[in-house]
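Residue numbers (the numbering used here), protein chains in the order written: chain A, 109 to 441; chain B, 109 to 441. Note that CB positions come from ideal geometry on N, CA and C, so glycine has one too. The structure presented is a predicted model; accordingly, all values stated were derived computationally and were not measured. Encoded as structure tokens, the structure appears first; notes follow it.
Below you can see the structure in the form of structure tokens.
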């Protein structure tokens, strides 16, 4: 568990996209964000107050979160100075980078001296059990995609925000690095040992109140041959009561797989539902979330209406329209 | 790659079952087995010559294979003496135990001194790639099961033996600890990091001659919630051209999951084939392998005939009947 609130480190991000992890935290957990720390030349701006380490500590910040990709997989001297100063000033540090904090001896020594924690959220910090498949109390929703990177995390976070607004008990359960940094906890599923994947999701989403929803962050796709096993472990470990189908309709081929085309939403529905019902026979498909970012507004609305008519399910782009209708569908489960 | 031939270490096995890894090597790779080494009190016997370390070395043995489970997860002093002596005598050591050779400082030091290798086949020794899904040359067969531990490895090994007898080019590709010790190489799939599972199987079964068959060892089951993700990674990384359906019809519930019953062979067929065709649209289901060890001969033959009529596929118990009809079916692909 990463201590909040955060000071978001944007480094020398060349543009806003390079700081998208920080942007995600800013968008979905503004209450965790005390301010931003930018180095000279930084082109990203989250609209948060620019703060020094000392100012942020005075405002209560507990953890410096590296919210930006590092170039070339190494920490630059400028970064390392900031990170060492942060530890000395009493910050923990959290990072989702491939370059691990723990592999830098200087940082490890500085953290030891200061008695602070280094969180590499790309690696599991827990010894997960093997899944036992026992039915858990409480309810669970999982977004499944026709492809990777079609908006599953965004959909779950938008649904959680809407549910909180309605005072429905709901918890986003992070299964990826960005999600973990947003919420401060979770399972880095793609880094879990094969035998423990489903068990890690059972651990992540334990028994809960009967009316509580876990919104489990989806990963991969049953149809993406590089990562499909991760997706199936998530479906069987998650025991979802409700599935949301996610699509990005403009892709010429599956992400990173030029020889593969994405399945139809109907094929996704039938495949994912049948597999989900192995672990939870009551599972239902309740809605469709379409990422229409590459369509203009008119084309997007036309497409959403056509999918809704075809599938007979509430169909929205939560970025354009919010997740209210998906939450309505959950509430009806 | 583990050097052959082997001296099989049976330790103080209390019965034959405790030495089932050694028995598997003896059954499927007799040409790799120089002899057996038994400690006082050992009740297992593979029918191989009993040899000292020195005798086995003189016969050309290169690796001492621990073919027996250790009790309590620790190496007893008697075992450790043998293992240390083996290293000094010029043996490598291979083990599939949970207790790792490399975690024993005395053994590590002894191996260093002797310049010998310690093979813990339970852990990956290779940095596997992420799967790219590119179609590979050569042909591949994969056994998929209604449950775990229904005879998938046995089926593949029996098919490989039959194919070698017919001079059909075929290679068993091990994906579990026992299989790896039998063949001397493979991927310990259940210990691979999630993101690299499918890629490890692409690595294991590379491009080959057009008429060559890889018989890829199956793992888990799409319907076993603890391990289903491993199975799907195997299907998508393996790109099978042919599937064999495996069943054990007498189980009251899924292995280790009292609340789950196994699917029918029809459901397994439809689910596995649809998922396999994502990676290889030409994939076919070619036969059924039934483990009838808990049925008497008459009941077994009745059951096999009934399944064959129902499924319209050659159906055998390879232990009772050999794998000839399954290989006939492969040859017709």
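Under the DSSP assignment, residue 393 of chain A falls in the beta strand (DSSP E) whose first and last residues are 392-398. If you keep only unbroken alpha helix (DSSP H) runs of at least 4 residues inside the stretch 280-347 of chain A, you get 285-291, 305-312 and 336-346. Residue 327 of chain B is positioned such that its CB atom lies no closer than 8 Å to that of residue 340 of chain B. Assignment of residue 385 of chain A by DSSP, reduced to helix, strand and coil, places it in the helix class. Under DSSP, residue 238 of chain A forms no beta bridge with any residue. Judged by DSSP secondary structure, residue 117 of chain B falls within the beta strand (DSSP E) whose first and last residues are 114-119. Beta-bridge annotation (DSSP): residue 144 of chain A is paired with A/116 and A/158. Taking a 10 Å sphere around the C-beta of residue 204 of chain B, we find 16 or more other C-beta atoms and assign the residue as buried.
For residue 401 of chain B, the number of other beta carbons within 10 angstroms of its own is below 16, and it is reported as exposed. Per the DSSP secondary-structure output, residue 253 of chain B pairs in a beta bridge with B/354. Closer than 7 Å at the C-beta level to chain A, one finds these residues of the stretch 355-371 of chain B: 365, 367 and 368. Membership of residue 208 of chain A in any beta strand (DSSP E) is not indicated, and neither H nor E is assigned to it by DSSP. As a beta-bridge residue in DSSP terms, residue 201 of chain A pairs with A/172 and A/226. Counting along the chain, residue 370 of chain A sits inside no alpha helix (DSSP H), nor does DSSP assign it H or E at all. Annotation: the continuous alpha helix (DSSP H) that includes residue 132 of chain A extends over 128-136. Comparing alpha-carbon positions, the option among A/180, A/223, A/132 and A/416 lying closest to residue 194 of chain A turns out to be A/223.
DSSP, reduced to helix, strand and coil, places residue 151 of chain A outside both helices and strands of the structure shown, so it counts as coil. Fewer than three beta-carbon pairs drawn from the stretch 222-237 of chain B and the stretch 316-336 of chain B are found closer than 8 Å, and the two stretches are therefore not classed as touching.
Checking the DSSP bridge columns, you'll see residue 263 of chain B has no partner listed. With respect to the C-alpha of residue 248 of chain B, the residue from B/323, B/303 and B/309 having the closest C-alpha is B/323.
Residue pairing by DSSP puts residue 423 of chain B in a beta bridge opposite B/396.
Residue 174 of chain A and residue 278 of chain A have their C-alpha atoms spaced approximately 27 Å apart.
Distances from the alpha-carbon of residue 289 of chain A to those of A/131, A/399, A/373 and A/364 put A/131 closest. A Cβ-Cβ contact shorter than 8 Å links residue 333 of chain A with residue 241 of chain B. In the displayed model, residue 243 of chain B falls within coil according to three-state DSSP, outside both helix and strand.
By the rule that beta-carbons nearer than 8 Å mark a contact, residue 261 of chain A does not touch chain B. Close to chain A, meaning a Cβ-Cβ distance shorter than 8 Å, are the following residues of the stretch 230-263 of chain B: 238, 239, 240, 241, 242 and 243.
Contact check for residue 350 of chain A against residue 392 of chain A passes: the beta carbons are separated by less than 8 Å.
With a threshold of 8 Å between beta carbons, residue 298 of chain B makes contact with chain A.
For residue 305 of chain A, the residues of chain B that pass the 7 Å Cβ criterion are 302 and 337, in the order they occur in the chain. For residue 194 of chain A, the uninterrupted alpha helix (DSSP H) segment begins and ends at 185-196. Using a CB distance cut-off of 8 Å, residue 295 of chain A does not count as an interface residue toward chain B. By the CB criterion at 8 Å, residue 310 of chain B and residue 287 of chain B fall outside the cutoff. Within chain A, no C-beta atom comes nearer than 8 Å to that of residue 206 of chain B; the closest sits roughly 12 Å away.
Contact check for residue 255 of chain B against residue 363 of chain B passes: the beta carbons are separated by less than 8 Å.
Contact annotation: in the stretch 379-409 of chain A, residues whose CB is within less than 8 Å of a CB in chain B are 379, 382, 383, 386 and 387.
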